[in-house]
Amino acid sequence: MEPLNARSMLDAATSAAAKPADQPFVERRRRLSPAALEVVNQKVARAYSPIVIAGFVRFADFALLSLVGIALYVGYVMPLAGAFSWVYPAQVIAVAVAAVVCFQAADIYQVQLFRGQLRQMTRMISSWSFVFLLFIGISFFAKFGNDVSRLWLAAFYFLGLAALIAERLVLRSLVRRWARQGRLDRRTIIVGSDSNGEQLVEALKAQEDTDIHVLGVFDDRNDSRALDTCAGARKLGKVDDIVEFARRTRVDLVLFALPISAETRILEMLKKLWVLPVDIRLSAHTNKLRFRPRSYSYLGEVPTLDVFEAPITDWDLVMKWLFDRVVGSLALLAALPVMGLVALAVKLDSPGPVLFRQKRFGFNNERIDVYKFRSMYHHQADPTAAKVVTKNDPRVTRVGRFIRKTSLDELPQLFNVVFAGNLSLVGPRPHAVQGKLQSRLFDEAVDGYFARHRVKPGITGWAQINGWRGEIDNEEKIQKRVEFDLYYIENWSVLFDLYILLKTPISLLTKNENAY
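Numbering (this note's numbering), first residue to last: 4 to 519.
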């Protein structure tokens, strides 16, 4: 027998998916207007977070200045002194930290400024000069100026400034390229195609260096109040179309142009849209009622009221990505011997491929292929999960009963985490796209079911370690899963993920009565 590895296992799964036992998968999709389809069919680049970019630039500034200062010390001062001293490196670190703080105070860590040149350079030069004047002043009053080489100090100032300018020129080129590709745009749709919507679009387009890209407007009204275009932005459909539209193209922000007085209409629409992983805001630019300035968030100069925020964004997303890749890789390495034994047992127990591939719901309802060890007889495989597995199900093999009970059949999903990236270690469990409660699909049985797809699904989750796993044969079981998943999304943290991961083995042993 050939040694088991990731490639052979994935090849086995691919061959399994092509077998006649698989059933065709039919997606349910709402029909969109020709205008909306035109937007959907446009090529869209992956978005980059301005907050993360600014964070990396801060780190790059600190690292670059530290490198220049320490390199000058090692190359010039240390040979003359004849010995290494921590005084100069400590001063370099202090100057680099002070520089980053001053740059922040000068407000130059903005993506809009990275695109330009004059304002960014003048602010940076003046801030860097201020830092050095401050350092010289402190040296004078502390009476250790004689211990610092003036030549080193002058070289640090000019070479540090040259390095910063070179870095900003490279950054300017990168940011402009990302802007052309649309990676820095906030792709926005407007709800309300009346005069309020037109005023809002005009206000957004009138701003310089805005990152708002209005894709179009949506409105349920068909009377004279609803315009076909709002300041050049086309009407793409009705509010009911937004969910499908946002699942077929990248949407970052939904902005309501309706007045606060239309409370009933807004609430009805929010009940439909809150399941999306996007920011939802209410424009306040035409409202006569004014709140405290702190109550608003601003799109340039346009005041808005936050309603829903996309979960796990910016640095949180980076932290979760690192957690999945690092911990997932370690878990995969540790699990490989066990996976090899399970694969051998599956192969010896019944004919057919070792792996089983199934279509499941991923982030924002995208369809993903999830890998599992095959636990059923191959000729009775059910890739769409049209029929729920029940206790003593004759389709399940002897080995299949054991690996399903212990969740060992889920181990190949580590490949999804580490290589494909469409699963997370921790998150709402991905359900099969045809998963049903009796004769109803899950989204028909539970209100707000798709809100659990606002984050990437996981191998384990908050619902699973609380016992809500396995067979779903009544409404309470799917309702509880959704409730626990939504709690996880609203309270996510890296420590929460770690807690769930550490508690998963205990839960598998003590709360497996519903796993068949």
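We treat Cβ as the ideally placed atom computed from N, Cα and C, and that holds for glycine.
Residue i - DSSP class collapsed to helix/strand/coil
i    : result
A16  : Summary for A16: the model assigns pLDDT 39, below 50, so the residue's position carries little reliability; its value from the coordinates is reported in the next sentence. The answer is helix: DSSP assigns A16 an H, G or I state.
A435 : strand
G219 : strand
G470 : coil
R484 : helix
G235 : coil
S69  : helix
R407 : helix
L230 : coil
F444 : Note that residue 444 corresponds to Leu in the displayed sequence, not to Phe. Note: L444 maps to strand in three-state DSSP.
Q26  : Any answer about Q26 is weak, because its pLDDT of 46 lies below 50 and its placement is not dependable; what the coordinates show is given next. Of the three classes helix, strand and coil, the one that applies to Q26 here is coil, per DSSP.
R49  : coil
G200 : helix
G195 : coil
G78  : helix
R401 : helix
R33  : coil
R455 : helix
R190 : strand
G355 : coil
Sequence-distant residues of the same chain with beta carbon closer than 7 Å to residue i, five excluded per side
i    : result
N409 : Strictly speaking, residue 409 in this sequence is Thr, with Asn absent from that position. For T409, where only same-chain residues beyond five positions count, the Cβ hits under 7 Å are L511.
E170 : A63 and L67
V42  : L218, G219, L239 and T252
A234 : E201, V204, E205 and K208
H434 : R363, F364 and F445
V321 : V55
Given residue i as reference, the closest of the options once Cα atoms are compared
i    : options                   : result
A101 : S69, G343, G85 and E211   : S69
Y490 : Q467, P508, A260 and L270 : Q467
Y79  : E312, G219 and R153       : R153
L426 : Y374, Y380, R179 and N469 : Y374
Q45  : G185, E474 and V90        : G185
F106 : R61, W89 and G72          : R61
S264 : V281, A249 and L285       : L285
Y76  : G58, G424 and I96         : I96
L256 : G464, I128, I141 and I215 : I215
E447 : L116, T125, V104 and Q482 : Q482
P37  : K241, V194 and W131       : K241
D352 : Y380, L501, V330 and L335 : Y380
K480 : Y452, V90 and V349        : Y452
V402 : V357, V436 and Y51        : V357
K390 : I475, M322 and A334       : I475
F117 : G58, A93, I73 and L136    : G58
P92  : V485, N199 and W155       : W155
T513 : L501, V485, I492 and G470 : G470
R398 : I406, H382, L411 and D412 : H382
L484 : G430, W495 and Q441       : The displayed chain sequence assigns Arg, not Leu, to residue 484. For R484, the nearest C-alpha among the options comes from G430.
Y160 : F418, V71 and L344        : V71
D488 : K275, S88, D110 and V449  : V449
V246 : D231, K274 and G464       : K274
V2   : I168, K323, I283 and A182 : Residue 2 lies beyond the range of the chain shown here (4 to 519); nothing can be said about it.
T463 : R237, R360 and G331       : G331
G163 : V194, Y51, W131 and Y299  : W131
Start and end residues, alpha helix (DSSP H) containing residue i
i    : result
D309 : Premise fails: D309 lies in the beta strand (DSSP E), V305 to F311, not in any alpha helix (DSSP H).
Q113 : Unbroken run through Q113: none, as it is neither H nor E.
T507 : V497 to T513
V173 : R153 to Q184
G331 : D317 to D352
F106 : V90 to A108
Q361 : Per DSSP, Q361 belongs to no alpha helix (DSSP H); it is in the beta strand (DSSP E), L358 to F364.
F87  : Element bounds for F87: n/a, residue is neither H nor E.
T252 : T252 -> no alpha helix (DSSP H), and no H or E assigned at all.
G461 : Counting along the chain, G461 falls outside any alpha helix (DSSP H), though it belongs to the beta strand (DSSP E) covering G461 to T463.
V42  : P37 to V43
R370 : From DSSP, R370 is part of no alpha helix (DSSP H) but of the beta strand (DSSP E) over R370 to F376.
I263 : I263 -> no alpha helix (DSSP H), and no H or E assigned at all.
Same chain, Cβ closer than 6 Å to residue i, five either side skipped, listed in chain order
i    : result
L414 : A338 and M342
I54  : D317
K506 : I468
I139 : none
Terminal residues of the beta strand (DSSP E) in which residue i lies
i    : result
Q120 : Element bounds for Q120: n/a, residue is neither H nor E.
F259 : L256 to F259
L426 : That residue, L426, is in no beta strand (DSSP E); it is neither H nor E in DSSP.
L302 : S300 to L302
L285 : D282 to S286
Cut-off 8 Å between Cβ atoms - residues of its own chain near residue i, not counting five sequence neighbours on either side
i    : result
L207 : T191, T213, I215, V217, L302, G303 and V305
N367 : A249, R250, L279, P280, H456 and R457
Beta carbon proximity, residue i to chain C, threshold 8 Å
i    : result
M127 : Looking at the structure shown, chain C is missing, and only one protein chain is on hand.
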